[in-house]
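So the sequence shown is numbered by my numbering: it starts at 1 and just counts up by one.
Here's the structure, in structure tokens; my notes come after.
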Amino acid sequence: RLATPGGPPPVTMGSAALLLLLLLPGVGGIVNTYSVRDSGPVAEYARRDYGLARGAEVRLDYDLSASQESPPVFFSVISAKQKDGWYDPWWSSSIAREDFFMRVCNLPAMRRWQLFPTTSRRNLTYVVERADLYSFVYTHCDNATSFDLDFRLKLVNPDPDGRVTQHLPIEDVNLPLLYGALLVVHCFMLAALLLEVWQLREMVRRIHLLLGAALALRIAFLAAVFTERTLENRDGTVSEARMVATRELSHFSDTAFLAAMLLLSTGWTLTRQFINVRELNFINTTFLAYLVIGAVGAPCGVSGGEEGACPVLELTLNVLRSLVLLCIIVSLNFNVTHIRGALSEVPWNSDVPVQYARLKQFQLFRWVFLAYLLLPMAFLTIEVTMLSWKYQWINVLLDELLLTFLYLHVGAVFRPMPVSPLVRAFDGSLATVAAGTVAGDTHTAGEDDPGHPQQEQQEQQQRQDEQAQRQ
1 RLATPGGPPP VTMGSAALLL LLLLPGVGGI VNTYSVRDSG PVAEYARRDY
51 GLARGAEVRL DYDLSASQES PPVFFSVISA KQKDGWYDPW WSSSIAREDF
101 FMRVCNLPAM RRWQLFPTTS RRNLTYVVER ADLYSFVYTH CDNATSFDLD
151 FRLKLVNPDP DGRVTQHLPI EDVNLPLLYG ALLVVHCFML AALLLEVWQL
201 REMVRRIHLL LGAALALRIA FLAAVFTERT LENRDGTVSE ARMVATRELS
251 HFSDTAFLAA MLLLSTGWTL TRQFINVREL NFINTTFLAY LVIGAVGAPC
301 GVSGGEEGAC PVLELTLNVL RSLVLLCIIV SLNFNVTHIR GALSEVPWNS
351 DVPVQYARLK QFQLFRWVFL AYLLLPMAFL TIEVTMLSWK YQWINVLLDE
401 LLLTFLYLHV GAVFRPMPVS PLVRAFDGSL ATVAAGTVAG DTHTAGEDDP
451 GHPQQEQQEQ QQRQDEQAQR Q
């Protein structure tokens, strides 16, 4: 419980997540399989900005039926320069519909196939001659013909050995290795946290359990995205259900992370044991709205959801996230100021060293969290000014490393802290130990060393002999 005794019960994140998963509509299918049934002029992107290396293959298999024997149905492979210089300007122009489609059908392309009606699926292959970001357009350039087109597009890059087996684009080909390494690192972090909690279980607070739950959800998300990227790179098929599930896990992980950071910034179970009712109502309302909106908006851009609702959901989600981040900064500043003021006013007692240690923890956390907020702008500047499209995965690496460092910092700084080493100098235990040590040394010298008086007699006899010789 977060609230004071007798307050309203908090909404648990697990029950809300389970309810959302049960209410989500089922999704399925393969993303790179397309079905077009239309009449009249048509011009659409099948896929945009896909990085292909030299020697990569564009594989198209299709099934077409039309109302005439040779319909003007085309499939075009265009480079980034052709897309930016020819296709996108026409796409954003306001010319007449018929004139637009006729002009698009005659624009230059790296490769253009005319598709003919077939009784069985037909396969076409194009070998890429130079590395670039490629886009793929299908067009129908007749006003009177109706057609029914089903096609599957497979884009395959060569691996380091030259075999054309990798289905991820060039800019994403390193992501399976990246997420696999992050998954291993986070598993070690969770194991270290569990070991620390077990060894210092008497010092464990509820915030430590919440941080462990957030880290476990983070591991589940990394495992899901690693599985998704590995399967996509292996066979080129991306399930809509798998993509939506990965996005849901990402959102649940982010929600748990924000909740843990907010409660940690307030000092929950560290500097105070309870959250008051007003704060609890704000936390429940904000995070429930954030959880629901993010879960509902997860299929956006995957299963062809309503285009008008998705931008609104995304904007609302970003506003709520910004509000939570602002609350974290305000809570951290208030907590640091409160602890510092309390230390300057209270008389010295055995609890003061503990409060100084807490103050240092929150001060370090404040600076690291500010870096977490500001460094993405520096990463974006690096991506725009220094990195080409082939190295977009480096920006993903920087973002993931930043979040991993924040988890590592919080786990190391706010780990269960034994209080006894901080207060031993003030509770009298060191004085007792010192007195016992001195008494033990005296007892040992008086009883356990029977040869000590004889040694003094020998030294005295030696001094007398030396004096007699000098005389």
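Idealized CB from N, CA, C, for every residue including glycine.
Problem - Chain-order list of residues whose beta-carbon lies under 8 Å from that of F365 (same chain, five-residue window excluded) - result: Cβ contact annotation for F365 (same chain, cutoff 8 Å, sequence separation greater than five): L264, S265, L332, H409, V410, V413, F414, in chain order.
Handout entry: Beta carbon of V336 nearer than 8 Å to that of L370
Key = no
Handout entry: Straight-line gap, P25 to T165 (C-alpha atoms, nearest Å)
Key = Note that P25 scores 39 on pLDDT, short of 50, meaning its location in the model is unreliable and no value can be drawn from it.
Exercise for the section: Classify N157 as buried or exposed, calling it buried when 16 or more other Cβ atoms lie within 10 Å of its own Cβ. Expected result: The residue in question, N157, is buried, as its Cβ has 16 or more Cβ neighbours within 10 Å.
Problem - L195 burial status per 10 Å Cβ neighbour count (16 or more: buried) - result: exposed
Exercise for the section: Just tell me which of A46, L262, L178, R112 has its CA closest to the CA of V225. Expected result: L178
Practice task
Mind checking which residues open and close the alpha helix (DSSP H) that includes I207?
Solution key: 206-235
Problem - Cutoff 8 Å; reference H186; Cβ partners in own chain excluding five residues on either side - result: L215, R218, I219, L222, T404, Y407
Exercise for the section: Determine the direct distance from the alpha carbon of V244 to that of D254, and round the result to whole angstroms. Expected result: 15 Å
Exercise for the section: Under 6 Å Cβ to Cβ from L398, same chain only, skipping five residues before and after it: list those, please. Expected result: Once the five neighbours on either side are set aside, the close Cβ partners of L398 are F379.
Exercise for the section: Look at the alpha carbon of V127 and the alpha carbon of L288, and state the distance between them as a whole number of angstroms. Expected result: 50 Å
Practice task
Return the residue from the list H338, E314, P299 that minimises the CA-CA distance to Y290.
Solution key: It is E314 whose Cα lies nearest to the Cα of Y290.
Practice task
Identify which residue in G51, G85, I394 has its Cα closest to the Cα of E383.
Solution key: I394
Practice task
Taking 8 Å as the cut-off, decide whether the C-beta atoms of R54 and A131 are in contact.
Solution key: yes
Practice task
Could you give the DSSP three-state label for F274: helix, strand or coil?
Solution key: coil
Problem - Cα-Cα separation between C300 and V238, rounded to whole angstroms - result: 15 Å
Practice task
Rounded to whole angstroms, what's the CA-CA distance from D330 to V324? Just pull it up for me.
Solution key: Note on residue identity: the sequence assigns Val, not Asp, to residue 330. About 10 Å.
Handout entry: Separation of E202 from N281, as counted between CA atoms
Key = 30 Å
Handout entry: Alpha-carbon spacing of T33 relative to Q392, whole angstroms
Key = 26 Å
Problem - Run of the alpha helix (DSSP H) containing E158, from where it starts to where it stops - result: Reading off the sequence shown, one finds Pro at residue 158, where the question assumed Glu. No alpha helix (DSSP H) holds P158; the beta strand (DSSP E) holding it covers 146-158.
Exercise for the section: Please confirm if the stretch 203-211 is in contact with the stretch 142-162, defined as three or more CB-CB distances below 8 Å between the two stretches. Expected result: no
Problem - Sequence-distant residues of its chain with Cβ nearer than 6 Å to G294 (five each side left out) - result: H251, L317
Practice task
Kindly indicate which three-state DSSP category L21 falls into: helix, strand or coil?
Solution key: Per-residue confidence for L21 stands at a pLDDT of 41, beneath the threshold of 50, marking its modelled position as unreliable; no derived number is given.
Problem - F257 versus S135 - alpha carbon distance - result: Roughly 37 Å separates the two Cα atoms.
Exercise for the section: Within 10 angstroms of the Cβ of L211, are there 16 or more other Cβ atoms? Answer buried if so, exposed if not. Expected result: buried
Practice task
Could you check the C-alpha separation between G341 and L387 for me, to the nearest Å?
Solution key: 47 Å
Problem - Validate contact between the stretch 59-78 and the stretch 106-118 using beta carbons, cut 8 Å, 3 pairs - result: yes
Handout entry: Cβ-Cβ separation, V42 to T119 (assumed contact under 8 Å), whole Å
Key = Going by Cβ atoms, the distance from T119 to V42 rounds to 23 Å, so no, they are not a contact pair.
Exercise for the section: Tell me whether G55 sits in a helix, a strand or coil according to DSSP, three-state version. Expected result: In the structure shown, G55 falls within a coil segment according to DSSP collapsed to helix, strand and coil.
Exercise for the section: Would you list the residues sitting across from F74 in a DSSP beta bridge? Expected result: Q114, T139
Problem - Burial state of K81 (16 or more Cβ within 10 Å) - result: exposed
Problem - One or two residues paired with E44 in a DSSP bridge - result: Bridge pairing for E44: Y138 [DSSP].
Exercise for the section: Quick one: grab the DSSP three-state call for S93. Expected result: DSSP places S93 in coil when its eight states are reduced to three.
Handout entry: Whether L249 touches I328 by CB criterion (8 Å)
Key = no
Exercise for the section: Give me the Cβ distance between R103 and W91, rounded to the nearest whole Å; I'm assuming they're in contact under 8 Å. Expected result: That belief does not hold up - the Cβ atoms of R103 and W91 are roughly 11 Å apart, past 8 Å.
Handout entry: Residue interval of the alpha helix (DSSP H) (run including R358)
Key = Membership of R358 in the alpha helix (DSSP H) is indicated by the continuous run 352-385.
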